[in-house]
Amino acid sequence: MGYRLLSQVIWVGVAISEIATSLVAAASELALPNCPDRCGDVDIPFPFGTVDGCYLNQNKSFFINCTESAGRHEPMTGNLVVQNISIQGQLDILMFDANICYSESGRRLVSWGSFFRSSSTFTISSTQNVFMAIGCDTYALLKGEQNNGSFSMGCMTICTNQSNVLDGTCSGIGCCQVEIPERVSNFSLEVHSFYNHTKVWSFNPCSYAFVVKKDNFSFSSAYLSRPQYIETFPLVLDWTIGDKRCENAVNKSDYICGGNSTCYSPENGYGYRCNCSEGYEGNPYLPTGCKDVNECLDPNLNNCSSPKRCINTEGNYTCSCPKWHSGDGRKDGKGCALNLGPVYKISIVGGVGFIVLLVSSSWMYLIIKQRKLIKLRESFFRKNGGVILSQQLSSRENSVETAKIFSTEELEKATNNYDENLIIGQGGFGTVYKGFLSDSRVVAIKKSKSVDQSQIEQFINEVLVLSQINHRNVVKLLGCCLETEVPLLVYEFIPNGTLFEHIHYKSRPSAISWDTRLKIATETAGALSYLHSAASPPIIHRDIKSSNILLDDNYTAKVSDFGASRLIPLDQTNVATMVQGTLGYLDPEYLHTSQLTEKSDVYSFGVVLIELLTGEKALSFLRPEELRSLSVYFLSAVKEDRLFEIL
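Here the sequence shown stands for residues 0 to 646, where the numbers follow numbering that gives the first Met the number 0.
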């Protein structure tokens, strides 16, 4: 009995070990050895690659440019963003639309085309995409290449009354769609108008055309009246290896299907693809080929009556029966029939013993897990400077304005274990949750993405300084939690959104008045003056922008998000630092010299003032290229005596 019980425990341990080993192996066999297999959130399987020597035969069609933008990596093919790469022969990208807009008098305001150029490696998936056009005075064309020839196709939609347009359906009224032909390699999109939208301008000033992945776009009549801007839509490309079918490619020296895989030729494309043989999995394009699937690790992959009696073989599996049983061990076969005898008593005793062992093991596991969790939190607390902060707070306990050190349990309870429904903001520095403390206070809890361990002492100093800021126009830092891998910061909650939303989002009930705009500008200026002159040491915010100015229910301005701020020693007027901030708000002198001064915040505040005056965004691609920056746009209007035209 003891031997059987020990065998059961060993079997469970071995199974868990094999599962972990197989998962690690599967995760590491996407790309060639020593080659990156991810870019951002996207897997990069061979024959694709992000560096030389990691993609197929140096064929640039399979090169993925892993670029860095806004602190995150993004895979690109040409100038298009890659969303997903499937070894089943699909590549998901983001494709620009084509659009054209007119004034009320019929003058064309803007016109954008869209095109895709590639080698024969890629074709537009005819089964997963659709060509669509939107408008009520619209006809759109798709001009493409197919089988070494060219063709044109399109659709037309004309309507005189927006009430006839149905949401959620592209039936031909306000929206038309056409299936994509097979084997289209290159294409361009054009969109035109019959009457320059003069007859429908009141509710439809623009026309749009795009190719989009099926079921990834739901038409709404709101698209007819929206202002023009360039938008991207998901599109699926089919990819293959070379231009030869399997029967011609299999004997060539450049044939790449690995071991335990088969070659197949897609019906709607050129070249060939590889697929793992039945009973195998992995990347069939790698030289090492596909690996055996251990069907015994997953009950859904085998038909054995008992998972413990599954025996893995190369490309298959067999089932066996335990002692005192006979049969083939399969659910769809004879199974395992019990031979009557003393096995009943032995089985009952063994089962009871196993249950006792399982309960005891579970109890011990929970105790050990709880102890490890406590030690881990203590380790994070020390690593994140908790000892230093506690000492500093003890020395200031007579001060009314002191930061509180929150426990992990307090903040988990306040956010309902970080419920996604309580997320109120996300950005480059982290995620902000709305929380409810046990004393009924509503707070904002910032969960940062990372922290520089070499700057922990400076971080603790900044927490102490920021917690002592007591200005009605600066968001108050209430405390922090240091028991997590990345420290959490707790701020007062400001309920009425950001200044950016009130200026630029049309969904807001009403525009803020000029008196309110002047009040917001005055209060923000007062907050900056306090940070630069009254705070000790002075604080430079480094990311002043309309989305970092919060408003309460009385439209009182609150400067927030000190994730990029720096403390300036009292004996210095500037400090050299890595450039941080938001394009459109960055001080040009700081951008070029990396010398940070309080004037950098003043410049950014000036851009916010122009936003308040003009209602324009700090950086807009709707303006001409040379006027995309709001500061340049404003100065140009002043120099040309057109100031009142843009207010």
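We treat Cβ as the ideally placed atom computed from N, Cα and C, and that holds for glycine.
Neighbourhood of residue i by C-beta distance below 8 Å, restricted to the same chain and skipping five residues each side
i    : result
N163 : I172, G173
V11  : For V11, the predicted model reports a pLDDT of 40, less than 50, meaning its position is unreliable; a value from the coordinates is still stated below. Excluding positions up to five away in sequence, the list is empty.
T497 : S545, S546, N547, I548, L549, L550
Within 7 Å, strictly: CB atoms of residue i and residue j
i    : j    : result
L583 : L618 : What sits at residue 583 in the sequence shown is Gly, not Leu. Yes; because the gap between Cβ atoms is below 7 Å, this pair is in contact.
L208 : A97  : It is worth fixing the name first, because residue 208 is Ala in this sequence and not Leu. Yes, Cβ-Cβ distance for A208 and A97 is below 7 Å.
N472 : A556 : yes
G148 : A139 : no
A402 : S466 : yes
F561 : L481 : no
F218 : C289 : no
K475 : E461 : no
S512 : E610 : no
A526 : V558 : yes
C295 : C318 : no
V235 : I99  : no
G268 : T239 : yes
T122 : R37  : no
A443 : V431 : yes
S264 : C245 : yes
G502 : G614 : Before going on, a small fix: residue 502 reads as Ile here, not Gly. Contact flag set, yes.
C135 : V177 : no
E144 : N78  : no
P204 : Y101 : yes
Residue burial classification, residue i (beta-carbon count within 10 angstroms, cutoff 16)
i    : result
F193 : exposed
P494 : exposed
M363 : exposed
G167 : exposed
T159 : exposed
F620 : exposed
H591 : exposed
E277 : exposed
P226 : exposed
G332 : exposed
T523 : buried
L188 : buried
L585 : buried
A132 : buried
P587 : exposed
V637 : exposed
V109 : exposed
F643 : exposed
T49  : buried
F150 : exposed
N547 : buried
E28  : buried
L487 : buried
Y504 : exposed
G270 : buried
Residues of its chain near residue i, where Cβ-Cβ distance is below 6 Å and the 5 sequence neighbours each way are ignored
i    : result
V23  : Its pLDDT being 40, under 50, V23 is placed unreliably in this model, and the coordinates cannot settle the point.
S224 : F202
E411 : none
A14  : A caution first: A14 carries a pLDDT of 42, below 50, which makes its placement in the model unreliable, though a value can still be read off. There are no such residues.
G328 : C303, S304, R308, C318, S319, C320, C335
Residues near residue i by beta carbon distance below 7 Å, same chain, minus five either side
i    : result
I84  : V41, D42, I43, P44, F47, L90
C275 : N259, S260, G281, P283, C289
E230 : D96
V211 : N128, V129, M131, F232, P233, L234
R272 : G88, T239, I240, Y263, P265
Integer-rounded CB distance, given that residue j should sit under 8 Å from residue i
i    : j    : result
F179 : S125 : In the sequence as presented, Phe is not what sits at residue 179; that position holds Ile. About 5 Å; that satisfies the 8 Å criterion.
G385 : E456 : Not quite, the Cβ-Cβ distance comes to about 12 Å (not below 8 Å), so this is no contact.
K448 : G429 : 5 Å
S119 : D253 : Not quite, the Cβ-Cβ distance comes to about 15 Å (not below 8 Å), so this is no contact.
I404 : G478 : 6 Å
E73  : G39  : 5 Å
L626 : S635 : 6 Å
Residue i Cβ short of 6 Å to the ligand NAD heavy atom set
i    : result
Q369 : Of ligands this structure carries none, so the ligand NAD is not represented either.
Ignoring anything shorter than 3 residues or poking outside the region 224 to 282, list the beta strand (DSSP E) runs there in chain order.
Entirely contained in the region 224 to 282, the beta strand (DSSP E) runs reaching 3 residues are, in chain order, 231 to 238, 260 to 263, 272 to 275.
Any chance you could list the beta strand (DSSP E) runs of at least 3 consecutive residues sitting entirely within the region 140 to 181, in chain order?
With a minimum length of 3 residues, the continuous beta strand (DSSP E) runs that stay inside the region 140 to 181 are 148 to 157, 174 to 178.
Which whole runs of the alpha helix (DSSP H) in the region 503 to 569 are 4 residues long or more, in chain order?
Fully enclosed alpha helix (DSSP H) runs of 4 or longer: 513 to 528.
Taking the runs of the beta strand (DSSP E) that are 3 residues or longer, which of them lie wholly in the region 79 to 139?
As far as the region 79 to 139 is concerned, its whole beta strand (DSSP E) runs of at least 3 residues are 79 to 85, 89 to 95, 97 to 101, 107 to 111, 113 to 115, 121 to 123, 128 to 133.
Can you check the region 372 to 442 for any alpha helix (DSSP H) of at least 4 residues that lies completely inside it and give the ranges in chain order?
Within the region 372 to 442, the complete alpha helix (DSSP H) runs of at least 4 residues are 385 to 394, 407 to 413.
What are the uninterrupted segments assigned as alpha helix (DSSP H) that are 4 or more residues long and contained completely in the region 588 to 638, given in chain order?
DSSP runs (the alpha helix (DSSP H)) wholly in the region 588 to 638: 597 to 613, 629 to 638.
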